[in-house]
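S.K.: One structure, pasted below without further comment.
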Amino acid sequence: MPELPEVETTRRGIAPHVEGREIVEVIVRQPRLRLPVPNDLVERLVGARIGGLSRRAKYLLVPVQAEDAASASLLWHLGMSGSLRIARLGELPKKHDHVDLVLDDGAILRYHDPRRFGFVDWLQGDAARDPRLARLGPEPLSEAFDGERLHALSRGRRLAVKPFLMDNAVVVGVGNIYAAEALFLAGIDPRRAAGRISLARYRRLAAAVREVLAAAITQGGTTLRDFVGGTGEPGYFAQRLNVYGRDGAPCRRCGAELRLVILGQRASVFCAACQR
DNA sequence: ATAGGCTCCTGCAAGC
DNA sequence: TGCTTGCAGGAGCCTA
Numbered sequence: 001m002p003e004l005p006e007v008e009t010t011r012r013g014i015a016p017h018v019e020g021r022e023i024v025e026v027i028v029r030q031p032r033l034r035l036p037v038p039n040d041l042v043e044r045l046v047g048a049r050i051g052g053l054s055r056r057a058k059y060l061l062v063p064v065q066a067e068d069a070a071s072a073s074l075l076w077h078l079g080m081s082g083s084l085r086i087a088r089l090g091e092l093p094k095k096h097d098h099v100d101l102v103l104d105d106g107a108i109l110r111y112h113d114p115r116r117f118g119f120v121d122w123l124q125g126d127a128a129r130d131p132r133l134a135r136l137g138p139e140p141l142s143e144a145f146d147g148e149r150l151h152a153l154s155r156g157r158r159l160a161v162k163p164f165l166m167d168n169a170v171v172v173g174v175g176n177i178y179a180a181e182a183l184f185l186a187g188i189d190p191r192r193a194a195g196r197i198s199l200a201r202y203r204r205l206a207a208a209v210r211e212v213l214a215a216a217i218t219q220g221g222t223t224l225r226d227f228v229g230g231t232g233e234p235g236y237f238a239q240r241l242n243v244y245g246r247d248g249a250p251c252r253r254c255g256a257e258l259r260l261v262i263l264g265q266r267a268s269v270f271c272a273a274c275q276r
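Given below as structure tokens:
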């Protein structure tokens with residue numbers, strides 16, 4: 001379940017192995033992903049050179065430059081079960097290894113995605129103009145994201161604060177797990193209407209979002225070597241979760257039994273004593 | 001404009 | 001033991 005920290009960990013892990021390399025072969029074993037793999041992806045990519053990787057929200061951007069061709073990028077989304085890893089030449093693909101980019105030094109960038117919620121798409125020209133990227137709110141670890149923004153955007157909104165925080169137009173990269181954890185740290189009830197939360201409390205929430213995401217990225221870094229080397233599993237569950245997946249268990253702070261509610265079709269665990 | 005529901009997919013776990 | 005059922009999740013799309 002890659003959220004922003006896992007995508008960032010992936011970017012950092014694969015970048016040194018792919019940047020500057022030429023793609024010599026592309027193998028698509030399963031083109032039916034969340035979006036179909038573009039028909040002409042193979043012919044466009046073979047012979048192209050990979051530029052500097054970047055990330056926007058949970059999207060990975062892979063610039064590719066072919067000889068005498070306009071600039072273009074791959075827009076890669078890992079969905080909820082996708083992973084990218086570096087495999088060695090000759091390493092046999094496993095089940096759900098859907099796409100391989102074979103590089104000129106023999107390394108393979110290999111995409112694995114059991115649930116196929118992810119996709120890889122071809123973007124011609126300036127990637128930032130793609131509508132999927134153009135409408136996104138600020139990065140949670142950037143200066144543009146703060147309590148003032150949350151407060152301003154939420155005025156008049158009756159939507160519960162948890163789905164509000166998970167809206168990509170508000171702030172990107174805050175999925176179900178980190179939304180639940182940040183609301184716990186900030187002491188805010190996930191059911192509370194977004195428009196009825198004070199600026200002071202939104203400042204605490206913004207700080208909590210930054211805190212949980214930054215901690216998760218740091219943890220991802222600790223498992224980077226294993227991740228790139230072969231297990232293909234980022235150190236996602238290693239971190240200590242306070243509420244996510246713990247309904248019925250005691251609150252780590254006050255001992256009260258954690259409750260489960262459904263908000264925006266998503267399970268939301270919280271402590272009714274600590275979160276108001 | 002806003003809020004809520006539905007959908008894609010597979011693996012896993014729980015229930016019978 | 002072997003079946004069925006439900007759940008997990010991002011984000012685009014749809015409807016009221």
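Number 74 in full-length UniProt numbering belongs to position 74 of the first sequence; there are no gaps in the numbering. Virtual Cβ for every residue (Gly too), placed ideally from N, Cα, C.
1. Starting from the N-terminal side, write out each stretch of the alpha helix (DSSP H) that is 4 residues or longer and does not extend beyond the stretch 132 to 159.
2. Quick check on this structure: which residue in HIS98, ASP97, GLY90 has the alpha carbon closest to the alpha carbon of ALA107?
3. Evaluate SER83 with the Cβ neighbour count: other Cβ atoms within 10 Å of its Cβ, from every protein chain shown; 16 or more gives buried, anything less gives exposed.
4. Under 8 Å Cβ to Cβ from ARG225, same chain only, skipping five residues before and after it: list those, please.
5. Quick one: Cα of LEU74 to Cα of ALA182, how far?
6. Determine the direct distance from the alpha carbon of ALA66 to that of ARG44, and round the result to whole angstroms.
7. Quick check for students: name the residue ranges of the beta strand (DSSP E) that lie wholly in the stretch 104 to 129, counting only runs of 3 or more.
8. How far does the alpha helix (DSSP H) with PRO163 in it reach, from first residue to last?
9. The alpha helix (DSSP H) spanning HIS17 covers which residue range?
10. Is the CB-CB distance between HIS96 and HIS77 below 9 Å?
11. Could you name the residues of the same chain whose beta carbon sits closer than 6 Å to that of GLY20, not counting the 5 residues immediately before and after it, in chain order?
12. For GLY229, which three-state DSSP category applies?
13. Please list the terminal residues of the continuous alpha helix (DSSP H) segment that includes ILE177.
14. Measuring alpha carbon to alpha carbon, tell me which of ALA272, ASP126, ARG266 ends up nearest ALA249.
15. Considering only the beta carbon of each residue, do LEU133 and GLY173 sit closer than 9 Å?
16. Let me know the beta strand (DSSP E) ranges lying completely inside the stretch 40 to 95, each 3 residues or longer, listed in chain order.
17. So does the stretch 187 to 202 actually touch the stretch 8 to 25, counting three or more Cβ pairs closer than 8 Å?
18. Is the separation between the beta-carbon of ALA194 and that of ALA169 shorter than 9 Å?
19. Apply the 10 Å Cβ neighbour rule to GLU233 and answer buried if 16 or more other Cβ atoms are within range, or exposed otherwise.
20. Would you report the Cα separation of ARG266 and ARG11, rounded to the nearest angstrom?
21. With DSSP as the reference, please indicate the residues paired to PRO36 in a beta bridge.
22. What are the partner residues of ASP22, as DSSP defines its beta bridges?
M.R.: On the basis of the coordinates in this document:
1. Counting only runs of 4 or more, we get 147 to 154.
2. Among HIS98, ASP97, GLY90, the Cα nearest to that of ALA107 belongs to GLY90.
3. buried
4. Note that ARG225 scores a pLDDT of 41, beneath 50, so its modelled location is shaky; the value from the coordinates is reported in the next line. Correct list: empty, nothing qualifies.
5. A direct Cα-to-Cα measurement between LEU74 and ALA182 gives close to 31 Å.
6. 8 Å
7. 108 to 112, 119 to 124
8. 161 to 165
9. 4 to 18
10. no
11. none
12. Any reading at GLY229 must be qualified, since the residue scores a pLDDT of 38, below 50, and its modelled position is unreliable; the value itself is stated next. Looking at GLY229 - three-state DSSP - the assignment turns out to be helix.
13. 176 to 186
14. ALA272
15. By the CB criterion at 9 Å, LEU133 and GLY173 fall outside the cutoff.
16. The stretch 40 to 95 contains these whole beta strand (DSSP E) runs: 54 to 56, 59 to 65, 72 to 77, 83 to 87.
17. The way I'd put it, the stretch 187 to 202 doesn't touch the stretch 8 to 25; fewer than three beta-carbon pairs between them come closer than 8 Å.
18. no
19. Residue confidence is low: GLU233 scores 46 on pLDDT, short of 50, so the model does not pin down where it sits. No coordinate-derived value is stated.
20. 27 Å
21. ARG32
22. A small correction: the amino acid at residue 22 is Glu; Asp does not occupy that position in the sequence shown. For GLU22, the pairing in a beta bridge is given by DSSP as ARG49.
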